[in-house]
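Using our numbering, read the sequence shown as starting at 3 and increasing by one per residue.
The C-beta atom is built at its ideal place from N, Cα and C for all residues, glycine as well.
The structure under discussion appears below in the form of structure tokens.
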Amino acid sequence: MAGHSKWANIQHRKGRQDEKRGKVWTRVIREIMVAARQGGGDLSANPRLRLAVEKAKAANMPADTIKRNIDKATGNLEGVQYEEIRYEGYGIGGAAIIVDTMTDNKVRTVAEVRHAFSKYGGSMGTAGSVAFQFKHVGQLVFAPGTSEDKVMEVALEAGAEDVIADDDGAIEVLTAYAQFEAVKNTLEAAGLKPEVAEITMRPENTIELVGEDAAKMQRLLDILEDLDDVQDVFHNAEINE
3 MAGHSKWANI QHRKGRQDEK RGKVWTRVIR EIMVAARQGG GDLSANPRLR LAVEKAKAAN
63 MPADTIKRNI DKATGNLEGV QYEEIRYEGY GIGGAAIIVD TMTDNKVRTV AEVRHAFSKY
123 GGSMGTAGSV AFQFKHVGQL VFAPGTSEDK VMEVALEAGA EDVIADDDGA IEVLTAYAQF
183 EAVKNTLEAA GLKPEVAEIT MRPENTIELV GEDAAKMQRL LDILEDLDDV QDVFHNAEIN
243 E
């Protein structure tokens, strides 16, 4: 199945994350704490926590820091209690945006998110206003040049829902949430290492933005991602600056 060009957008996001390693640590720590609080501190019984710990290791977080935050979340150490809140809204050209946050002060968080939307050309929506345009899936993205035939053979055998060849040569593997870890492990065992491996909100359809509109949309997304309480920003814009 063919798809749109996403590689440039993925590389832009990865570059920004690499620039802000401290921010990545903050986000991962919050994810570890929420995952552990909701599903317990046993990695073998908590898939969400396993994924969070994997992200922490990829960001070179020390093992004792990971353990300390799991202990905080499970009550073994005193720690801050974070709440997950999702905000929805619209960007340039009516593009749909989902902003997932973790916060210990939701009054502060909603004010910051609303300010970012209004100042940079977007608008806040109500709960459910755009979420129906996205699907909650596991996503693995392989760099251009990876063998599509091999990825497809291994992924579909492992239980993936779809394999998509993007216009720029990248290959996406989509899985149900419950099958993500099994598919990822099978692909890696076959020597296929994804550039991106995450649970995400993937848009069912996209809106192409070019020129000034694309630049404005990227600015809005960057501002939202820079907010301290924001964990993830999902959108349906195809940005071609």
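Under the rule that a run must span 3 or more residues, the beta strand (DSSP E) segments found entirely inside the region 102-166 read 136-144.
Pairing V156 with V143, the inter-Cα distance amounts to about 14 Å. Contact holds between the region 56-75 and the region 27-44, because three or more Cβ pairs, one in each stretch, are under 8 Å apart. Around the CB of G130, fewer than 16 other CB atoms lie within 10 Å, so the residue is classed as exposed. The secondary-structure analysis by DSSP pairs I173 across a beta bridge with F144 and A167. Pairing Y89 with V112 gives a Cβ-Cβ distance under 8 Å.
Burial is judged here by how many other beta carbons sit within 10 angstroms of a residue's own beta carbon; H237 has at least 16 and is buried.
About 11 Å separates the CB atoms of I100 and F134; that is not less than 8 Å, and the two are not in contact. Residue environment: D215 is assigned as buried (16 or more neighbouring CB atoms within 10 Å of its CB, all protein chains considered). For the pair R50 and G147, the Cα-to-Cα distance works out to about 30 Å. If you ignore the 5 residues before and after N48, its C-beta comes within less than 8 Å of the C-beta of A37, A38, G41 and G42, all in its own chain and listed in chain order. L211 is bridged by DSSP to I241. V232 and D164 have their C-alpha atoms roughly 29 Å apart. Counting along the chain, no beta strand (DSSP E) covers P64, and no H or E run does either. DSSP places T202 inside the beta strand (DSSP E), whose first and last residues are V198 to P205. Under the three-state reduction of DSSP output, D73 falls in the helix class. Counting of Cβ neighbours within 10 angstroms places E159 among the exposed residues, the total staying below 16. Under the DSSP assignment, I87 falls in the beta strand (DSSP E) whose first and last residues are E85 to Y92. Per DSSP, V185 is one residue of the alpha helix (DSSP H) stretching across F182 to A191. For A180, the number of other beta carbons within 10 angstroms of its own is below 16, and it is reported as exposed.
Rounded to whole angstroms, the separation of the alpha carbons of V55 and V26 is 13 Å. For A184, the CB contacts under 7 Å within the same chain, skipping 5 residues up- and downstream, are A160 and G161 in chain order. By the neighbour-count criterion, in which a residue is buried when 16 or more other Cβ atoms sit within 10 angstroms of its Cβ, K186 is buried. Less than 8 Å separates the beta-carbon of A97 from that of I209.
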